[in-house]
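Here is the structure we will look at, set down as structure tokens.
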Amino acid sequence: MKEEYICRCEEVTRKEIEEAIADGATTLAGIKRRTRAGMGLCQGRTCQRLITQMLANVKDKAEITPPTSRPPVRAIKIGEIVEGEDE
Ligand code: FES
288 MKEEYICRCE EVTRKEIEEA IADGATTLAG IKRRTRAGMG LCQGRTCQRL
338 ITQMLANVKD KAEITPPTSR PPVRAIKIGE IVEGEDE
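Set out below in structure tokens:
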């Protein structure tokens, strides 16, 4: 049977997410910690909605809260902070 990827960035399958839910994950953050779904390049923009739908099968959708957002960071030179340079 062909695998169905829910999180394409981290290559997490539907089966892995179902196993995480069966293992006790009841939040998006819990699924993220168990499977890495949502930690990829798009930071969950693609997969979060699908995972929310899967979680809604086992708990009230109103109780599903979005995971903590951590925007990507990049290293900058001290001079950029001090001088206010842009780049
Ligand atoms: S598809 Fe899941 S993090 Fe991008």
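Residue numbering for the sequence shown follows my numbering, beginning at 288 and increasing consecutively.
Yeah, the Cβ is synthetic: ideal placement off N, Cα and C, and Gly gets one too.
Check: When you measure from the CB of E306 to every non-hydrogen atom of the ligand FES, does any distance come out below 7 Å?; Outcome: no
Check: For the alpha helix (DSSP H) containing I304, name the first residue and the last one.; Outcome: 301–309
Check: Quick check: is any heavy atom of the ligand FES less than 7 Å from the C-beta of L263?; Outcome: Outside the shown range of the chain (288 to 374) lies residue 263, about which nothing can therefore be said.
Check: Pull up the DSSP beta-bridge partners for C294, would you.; Outcome: V299
Check: Roughly how far, in whole angstroms, is the beta-carbon of Q330 from the beta-carbon of L315, given that I think they are within contact range, below 8 Å?; Outcome: No, Q330 and L315 are not in contact; Cβ-Cβ is about 12 Å, not under 8 Å.
Check: With respect to 7 Å, is the separation between the Cβ of G331 and the closest non-hydrogen atom of the ligand FES below this value?; Outcome: yes
Check: DSSP three-state label for A316, please.; Outcome: helix
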